[in-house]
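Undergrad: What the sequence shown shows, in the working numbering, is residues -11 to 198, in sequence order.
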Amino acid sequence: MAERPFRPPAAKPKSTRLRAFMLVSVVLMGAAAFLVGSGLVFGPESGTSATKGLTGDTTTISISGRKFRLELALTHEKRFKGLSGRDTIPADGGMLFVFSRPVVTAFVMRDCPVPIDVIYLDKSGRITAMHQMQPDAPRAAHEQNRSAPTPSAPAWEWVNDAYESRLTKHPSRYAIQFAIELRGGTLPSLGLKEGDKIEFDYQSLISRAE
-11 MAERPFRPPA
-1 AKPKSTRLRA
9 FMLVSVVLMG
19 AAAFLVGSGL
29 VFGPESGTSA
39 TKGLTGDTTT
49 ISISGRKFRL
59 ELALTHEKRF
69 KGLSGRDTIP
79 ADGGMLFVFS
89 RPVVTAFVMR
99 DCPVPIDVIY
109 LDKSGRITAM
119 HQMQPDAPRA
129 AHEQNRSAPT
139 PSAPAWEWVN
149 DAYESRLTKH
159 PSRYAIQFAI
169 ELRGGTLPSL
179 GLKEGDKIEF
189 DYQSLISRAE
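Here you go:
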């Protein structure tokens, strides 16, 4: 999964462009949160199944009494890429995305070949929406070329408009503070429902976010 890219509209009045810039700045600012219950653990733990196939900083959390070791998406690049390109996700692994302030958003399965479950949480840790996301059709030949969504966009943020436009959007419904992605098919076993709360304390990770 990955965040949707931002492409500014063409030729708008200055005041509109300013409002659009302010809005996207809110969406793209990096921050992160950690969930507690089973305890917070930074860095890899060699020999545990949760670390296999995962990269970067991770944190261990508990959801419905089950422990998951999640990669931390602390930068815009990490959040944009998400779990794209992973052909396997550990049964007790996944990724934790966090925003510095509440945003209404929608995740897409950009270059994701395997199913992924997503749990959206608001700033108080309550579930706003959940989706069992299925892979979209792979890129066609004409969808391979990428272009910059903005003049200053780094290479990793370049997209193909035709491909992006056909990706299924999985909305958060309401403003969220963070999202948890898990291996596809995990949600039914957790017995969660919208409105359920997952306790969290994100101040420590916010201080590490870029």
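All C-beta atoms in this analysis are idealised placements derived from N, C-alpha and C, irrespective of residue type, glycine included.
Look up R74 in the DSSP assignment and give the residues it is bridged to.
TA: DSSP output for R74 lists no bridge partner at all.
Undergrad: From the DSSP output, in three-state form, read off Q165 for me.
TA: In the structure shown, Q165 sits in a strand (DSSP, three-state: E or B).
Undergrad: Could you tell me whether the segment 59 to 70 touches the segment 109 to 119, where touching means 3 or more Cβ pairs closer than 8 Å?
TA: Taking 8 Å as the limit for Cβ pairs, the verdict is that the segment 109 to 119 does not touch the segment 59 to 70.
Undergrad: How close, in whole Å, do the beta carbons of Y151 and D110 come, if the pair is a contact with beta carbons under 8 Å?
TA: 30 Å between Cβ atoms; not a contact.
Undergrad: Mind checking D105: buried by the 16 CB within 10 Å criterion, or exposed?
TA: Per the 10 Å Cβ criterion, buried.
Undergrad: Going by DSSP, which residues form a beta bridge with L105?
TA: For the record, residue 105 in the displayed sequence is Asp; it is not Leu. D105 is bridged to Q120 and L170.
Undergrad: Taking 6 Å as the limit between beta carbons, can you name the residues of its chain near D99, skipping five residues before and five after?
TA: Cβ within range, chain order: S72 and G73.
Undergrad: If you count every other CB in all the chains shown that lies within 10 Å of the CB of A167, and 16 or more means buried, which is it?
TA: So A167 counts as buried.
Undergrad: Give me whichever residues DSSP pairs with H158 in a beta bridge.
TA: The partner list for H158 (beta bridge, DSSP) reads F95.
Undergrad: Which of helix, strand or coil does DSSP assign to I49?
TA: Looking at I49 - three-state DSSP - the assignment turns out to be strand.
Undergrad: Reducing DSSP to helix, strand and coil, say where R57 ends up.
TA: Strand.
Undergrad: Name the DSSP beta bridge partners of L84, please?
TA: Looking at the DSSP assignment, L84 forms a beta bridge with L60 and I168.
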